[in-house]
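Numbering (our numbering), first residue to last: 18 to 368.
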């Protein structure tokens, strides 16, 4: 019989006792670390966790806001709970968080505050950026700088010199305190998810680039009020492009005048600009607004017709024509309607 087997009855109770002591020490250590008192704030306090922030970054932010007094113990507590990479980004409100455990639980399982922002079809980058800046309280100048930076656009996968046309109209939910880069990336990402694959599949059939399709879609967006007319208007522009005719699209003029939108004058049609489709053939160099899905689909799938002209009817719809003569007659009819409306609107003078 070995010596170990001889003394086992003596060692077993001792080993069990030591193990229980060690276990109790570990439990106590966990308890001390997790319940370590931090700076309890009497009022709820908002904390912003940015995307990509490390645990060290988070602890520094909390310390700078006087939420925690001991960064090392806080970091250790997060690691003990296994949440080192599990704290989500967002804007959180900490309420009566007086210990490490309280703070960590509210950051890990609290609901981040979201801000709803809706970007509408046909808005330019300028208007979209203004909306984002106002609602999210971020720098408008920074958003504009990024939106007009070709390098940044290509970084997001957009082969263009600006993000005009690619700030996809949709309702978005953002965390408070999100950076301009994250905001724009999310919006362009929605375009990617919703539209891009469809556009790319159809590009070769149309012999058009992605930028050209979105540019045409933006013109359609500027012209059409009703979805039923978008494919018809698209066909007019496709027909004119095929025949080598100038597009003569009024929305491209609205894009280059300072006081848009307003009724266009003859002198506006003579403004020298690469976006002036009354002076230059083909599509302008880029989109003139951010078109919605309906206009993009219409740009890719025009109606089957041989119309070359259209003119407003006065009720949001248009009259479409195949010849210049038909078009001039439609224009005359519209001008007659407009004159009649003016006479009706003139204030009556005394008898």
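We put the CB at the ideal spot given by N, CA and C, even for glycine.
Computed from a prediction, not measured in an experiment: that's the story for all the values here.
A distance of 8 Å or more separates the beta carbons of residue 241 and residue 128. With respect to the C-alpha of residue 66, the residue from 99, 125, 91 and 256 having the closest C-alpha is 125. From the listed residues 84, 114, 79 and 306, the smallest Cα separation to residue 228 is found for 306. Distance from residue 335 to residue 246 at the Cβ level is roughly 6 Å; contact confirmed, criterion being Cβ atoms closer than 8 Å. Per the C-alpha coordinates, the member of 260, 292 and 300 positioned closest to residue 274 is 292. In the three-state reduction of the DSSP assignment, residue 307 falls in the coil class.
Burial is judged here by how many other beta carbons sit within 10 angstroms of a residue's own beta carbon; residue 131 has fewer than 16 and is exposed. Take residue 137, set aside five residues on each side of it, and the residues of its chain with a beta-carbon closer than 6 Å to its own are 186, in chain order. Here residue 153 really is in contact with residue 200; their C-beta atoms are around 7 Å apart, less than 8 Å.
In the DSSP assignment, the residues bridged to residue 134 are 189.
Across the set 58, 260, 63 and 150, the C-alpha of 260 shows the shortest separation from the C-alpha of residue 323.
The Cβ neighbour count for residue 289, taken over all protein chains shown within 10 Å, is under 16; the residue is labelled exposed. Residue 196 and residue 299 have their alpha carbons spaced roughly 38 Å apart.
A contact between stretches requires three or more CB pairs, one per stretch, nearer than 8 Å, and the region 201-213 fails this requirement with the region 84-91. When the five nearest sequence neighbours on each side are left out, the beta carbons in the same chain lying within less than 6 Å of the beta carbon of residue 295 are those of 265 and 286, in order along the chain.
A distance below 8 Å between beta-carbons, with the five flanking residues on each side excluded, links residue 258 to the following residues of its chain, in chain order: 264, 299 and 300. Here DSSP, grouped into helix, strand and coil, assigns residue 297 to coil. For residue 110, no alpha helix (DSSP H) segment is defined; the enclosing uninterrupted segment is the beta strand (DSSP E) at 107-111. The secondary-structure analysis by DSSP pairs residue 63 across a beta bridge with 110. The shortest C-alpha to C-alpha distance from residue 74 to any of 102, 98, 181 and 143 is the one to 102. About 6 Å separates the CB atoms of residue 248 and residue 319; that is less than 8 Å, so the two are in contact. For the pair residue 158 and residue 345, the Cα-to-Cα distance works out to about 45 Å.
Taken through DSSP and simplified to helix, strand or coil, residue 290 comes out as coil.
Looking at the DSSP output, residue 327 sits in a beta bridge with 337.
No Cβ-Cβ contact shorter than 8 Å links residue 184 with residue 202. Listed in chain order, the non-local C-beta contacts of residue 326 below 6 Å within the same chain comprise 338 and 344, local neighbours out to five positions each way being set aside.
When C-alpha distances from residue 244 are compared across 106, 198, 63 and 333, the shortest belongs to 333.
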